[in-house]
Amino acid sequence: MLVVQKFGGSSVANTERILNVANRVVETYTAGHNVVVVLSAQGDTTDDLIKKAHEICDSPSKREMDMLLSTGEQQSVALLAMALSNMGYPVVSLNAYQVGMITTSSHGIARLKEIKTTRLNRELERRNIVVVTGFCGISKFEDITTLGRGGSDTTAVAIAAALGADLCEIYTDVEGVYTADPRIVPNAQKIEAISYNEMLELASLGAKVLHNRSVEMAKKYGVELVVRSSLTRATGTIVKEECKVEKMLISGIAGEDDVARISLIGAPDAPGQAFKIFSALAKADVVVDIIIQSMGQNNTRDISFTVDCASLNDAKNVIEANKERWGIAAVDYNQDLAKVSIVGAGMVADAGIASKMFEAMYDNHINIHLISTSEIKISILIDKDYMKTAMKALHDKFCL
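This is the structure in structure tokens:
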């Protein structure tokens, strides 16, 4: 049996926790399984490196940021390999180049294109424990790339898919997937099992327990995931194709306060206008989330959309350089917002879900700026200061 185990930054934050991870890995290995371990950078290492970069330069190049940030994962894998070797077990640590994790060339938000398995298989045939850097890749130009925050989850799932692993375990500092972030909603309940689609929506909407692209990849390749704590022996949450364990209409509440809204006011009401705007943003690698278009005055349209705050400056640069050419009358930027969402496969059959959500906001005097819906989720944009209140109110309304 081949098992891929991913440990997050909090799981390897210090020497004690690295030794704890080593013991967890050894348990799996001595049970007769082949093991590939994927690691994130220790604790706050990535944040510390970002801070160091900005002490040197206000706007460091994305290429050099990837070069810098990748060193965090290399520290983690080397330290764990040393711990396992000291315990008497055969182990080898590998970085993205040594494995052959090929990505696109979009620094900071690269996407995995291929994982070469020759070296991995060779090390596994030797019964080595293989410890691999998460989060990192190599472009066709042989430049180091990174997959975005949380990208180690995607690395682990991609390796599991490429090797045909029997199981992919995602270890973190919580005991599984909860109906809401337990740090915000203390009475959140752990979910025993959840479908790929529901987990993908939760991850995309701000639930930080799994990287959204890791869930997307797991669904595509049928990789069964288990999310569990590296600090306890709790059973965790299974993420799989079909899930009949949970009967609730709503599986979870997600909140994200790293949201900026951009409103383009008075755009010409003409064919191709939206294409011009969003294709220009896409070329600048700006990922757009919620998009709302409404009627303006005098044969115009108002277009509002959201991006994450880290992309706001890139989006501003594109818009300010093109707004006159696009015929935009005015632009409004607001980054004091949060997105709160309810997710559940059962909600498609219940016409009253939306009204209950809006009632919860009304009861708590929370104004809604934007609304976005799909078959299994409703998202609202509200003032950032009310995010925690909104999440608790929605959890009380739907999940208790």
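Using this note's numbering, read the sequence shown as starting at 1 and increasing by one per residue.
Even glycine gets a Cβ: it sits at the ideal position worked out from N, Cα and C.
Computed from a predicted model, the values in this text were never measured in an experiment.
On the CB-based measure, 16 or more other CB atoms within 10 Å of its CB, does residue i come out buried or exposed?
i	result
Ile319	buried
Phe141	exposed
Ala270	exposed
Glu246	Annotation note: pLDDT 44 at Glu246 (below 50); position unreliable, no value reported.
His365	exposed
Asn367	exposed
Thr235	exposed
Ile303	buried
Tyr29	buried
His401	Lying before the first or after the last residue shown, residue 401 is absent from the chain, which here runs from 1 to 400.
Ala330	exposed
Thr15	exposed
Met347	buried
Thr232	exposed
Met217	buried
Asn34	buried
Ala282	exposed
Met228	It is Arg, not Met, that sits at residue 228 in the sequence shown. Result: buried.
Who are the Cβ neighbours of residue i in its own chain at under 6 Å, not counting the five residues just before and after it?
i	result
Ala165	Leu2 and Val4
Ser294	Asp302
Thr306	Val259, Arg261, Asp289 and Ile290
Gly150	His211
Please list, in chain order, all residues of the same chain as residue i whose beta carbon is under 7 Å from its beta carbon, the five residues on each side excluded.
i	result
Ala31	none
Met387	Gly255, Asp257, Ala338 and Val340
Ser372	Ile290 and Ser379
Pro268	Thr300 and Gly327
Asp332	Ser263 and Ile265
Just the Cα atoms here: how many angstroms apart are residue i and residue j?
i	j	result
Ala393	Thr300	37 Å
Val99	Asp44	25 Å
Lys316	Asp58	17 Å
Ile376	Ala207	15 Å
Gly263	Ser204	Per the sequence shown, the amino acid found at residue 263 is Ser instead of Gly. In a straight line, the C-alpha of Ser263 is about 22 Å away from that of Ser204.
Lys384	Ile253	16 Å
Gly22	Phe7	It should be pointed out that residue 22 corresponds to Ala in this sequence rather than to Gly. If you take the alpha carbons of Ala22 and Phe7, they lie about 11 Å apart.
Asn298	Trp326	16 Å
Tyr178	Leu381	22 Å
Glu224	Ala160	9 Å
Arg183	Ile144	34 Å
His395	Val185	8 Å
Cys309	Ala280	18 Å
Ile194	Glu324	47 Å
Leu163	Ala96	16 Å
Leu249	Thr389	21 Å
Ala274	Ile56	38 Å
Ile18	Ser230	10 Å
Glu73	Lys52	17 Å
Asp48	Ala158	27 Å
Are the CB atoms of residue i and residue j nearer to each other than 8 Å?
i	j	result
Phe135	Thr155	yes
Val215	Val132	no
Val343	Glu198	yes
Asn334	Arg261	yes
Ile170	Asp153	yes
Leu80	Val12	yes
Ser61	Thr104	no
Gly108	Met65	yes
Leu202	Ile292	no
Gly137	Leu147	yes
Val287	Ser311	yes
Ser106	Asp285	yes
Leu167	Val226	yes
Once you ignore the five residues that flank residue i on each side, which residues in its own chain have a CB closer than 8 Å to its CB?
i	result
Arg401	Limits of the chain in this structure are 1 at one end and 400 at the other, which puts residue 401 out of reach.
Lys75	Reading off the sequence shown, one finds Gln at residue 75, where the question assumed Lys. Here the set comprises Ala41, Gln42 and Thr45.
Lys219	Tyr196, Asn197, Leu200 and Glu241
Leu84	Ala22, Val25, Val26, Val91, Ile129 and Val131
Lys397	Lys356, Met357, Glu359 and Ala360
Gln189	Tyr178, Thr179 and Cys399
Shorter than 7 Å, the distance from the beta carbon of residue i to the closest heavy atom of the ligand NAP, or not?
i	result
Lys276	The ligand NAP is absent from the structure shown, which contains no ligand whatsoever.
Three CB pairs or more closer than 8 Å across the stretch 113 to 127 and the stretch 169 to 177: no
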